[in-house]
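Letter by letter, the sequence shown follows residues 1 to 205 of full-length UniProt numbering.
Cβ coordinates follow ideal geometry from the N, Cα and C atoms, glycine included.
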Amino acid sequence: MSNFHKPVKRPGDIIELLAGGGDPAEMSGLARDTAGALLNHIRRAPDQEVVARVIGFADGDGIEDLAELWASSPADSLAGALWRLYLLRHTVQEAPSAAGYRFSRGIEVDTVSQAIAGSPSAPTPEEVVELATVILRGAFAGDFAVALERAAAFARVMAAGERELMASSDDARRVMDELRRLEGYETVSAELTAAAALWRNGELN
Numbered sequence: 001m002s003n004f005h006k007p008v009k010r011p012g013d014i015i016e017l018l019a020g021g022g023d024p025a026e027m028s029g030l031a032r033d034t035a036g037a038l039l040n041h042i043r044r045a046p047d048q049e050v051v052a053r054v055i056g057f058a059d060g061d062g063i064e065d066l067a068e069l070w071a072s073s074p075a076d077s078l079a080g081a082l083w084r085l086y087l088l089r090h091t092v093q094e095a096p097s098a099a100g101y102r103f104s105r106g107i108e109v110d111t112v113s114q115a116i117a118g119s120p121s122a123p124t125p126e127e128v129v130e131l132a133t134v135i136l137r138g139a140f141a142g143d144f145a146v147a148l149e150r151a152a153a154f155a156r157v158m159a160a161g162e163r164e165l166m167a168s169s170d171d172a173r174r175v176m177d178e179l180r181r182l183e184g185y186e187t188v189s190a191e192l193t194a195a196a197a198l199w200r201n202g203e204l205n
């Protein structure tokens, strides 16, 4: 995943990430500490209202604040994994109709990932956004590894949808855009799958 530039202008660009500023070691330590403190604090005494506020914080300009903290963190870190969960939700929430269409095309060819993600058979755009929210909520109020695996499956479905759109288009520019997003979703899926394994082994810090 490369650079995510703020403000967010192209919400479908999952591969766009913000390069963190300041001293790299200092930023890395801050990212690790904030991610760990946030997750541990909420998971010790999960309160649905608090979880909702934490999820809602990323809405609007909040995603930029999270980007400043976490976007430059490696994928095999807790901060990096949390950032990818938030970013997946952000991309579908900012363009629900487009995301819903891609997701619907994706589940036509990847029913296994659909089942893992927990999607209905014919989701509306609103249901796709809600699914992304439910997955993120599960990171704070459920099994964190399962939430990562569901998010990885969600990204695989999105990638499958991008592939279907590429195959049905003869517009070279659109094909390149779909390919870029496809590669981004595939990368995110692989990274979240690996992060889930690390978490189960107690190695995601």
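- Message: Going by DSSP, what residue range makes up the alpha helix (DSSP H) through G80?
- Response: L78 to E94
- Identify the continuous alpha helix (DSSP H) that holds F57 and give its terminal residues. Taken as a continuous stretch (DSSP letters only), F57 belongs to no alpha helix (DSSP H), as it is neither H nor E.
- Among A117, P125, E126 and L39, which one has its Cα closest to the Cα of W83? L39
- Could you give the DSSP three-state label for T124: helix, strand or coil? coil
- Item | Under the three-state DSSP convention, the category residue 214 falls into | Because the chain in this structure spans residues 1 to 205, residue 214 falls outside the shown range and cannot be described.
- Item | For V157, the three-state DSSP class (helix, strand or coil) | helix
- Query: Roughly how many angstroms lie between the CA atoms of D61 and Y86, to the nearest whole one?
  - Reply: 13 Å
- Item | Residue range of the alpha helix (DSSP H) that includes S72 | Segment: none, S72 is in no alpha helix (DSSP H) and carries neither H nor E.
- Message: When you compare the CB positions of A160 and G80, do they come within less than 8 Å of one another, or not?
- Response: no
- Query: Does DSSP put D170 in a helix, in a strand, or in coil?
  - Reply: coil
- Item | Under the three-state DSSP convention, the category A45 falls into | coil
- Query: Would you say the segment 153-168 touches the segment 118-137, given that touching needs at least three Cβ pairs under 8 Å?
  - Reply: yes
- Whose CA, out of A132, E164 and A167, lies closest to the CA of R150? A132
- Which term fits E126, buried or exposed, when burial requires 16 or more other beta carbons within 10 angstroms of its beta carbon? exposed
- Query: On the premise that A145 lies in contact with G138, defined as a C-beta separation below 8 Å, what is that separation, rounded to the nearest angstrom?
  - Reply: That pair is no contact at about 10 Å.
- Query: If you count every other CB in all the chains shown that lies within 10 Å of the CB of T124, and 16 or more means buried, which is it?
  - Reply: exposed
- Message: Rounded to the nearest angstrom, what separates H41 and S168 at their Cα positions?
- Response: 47 Å
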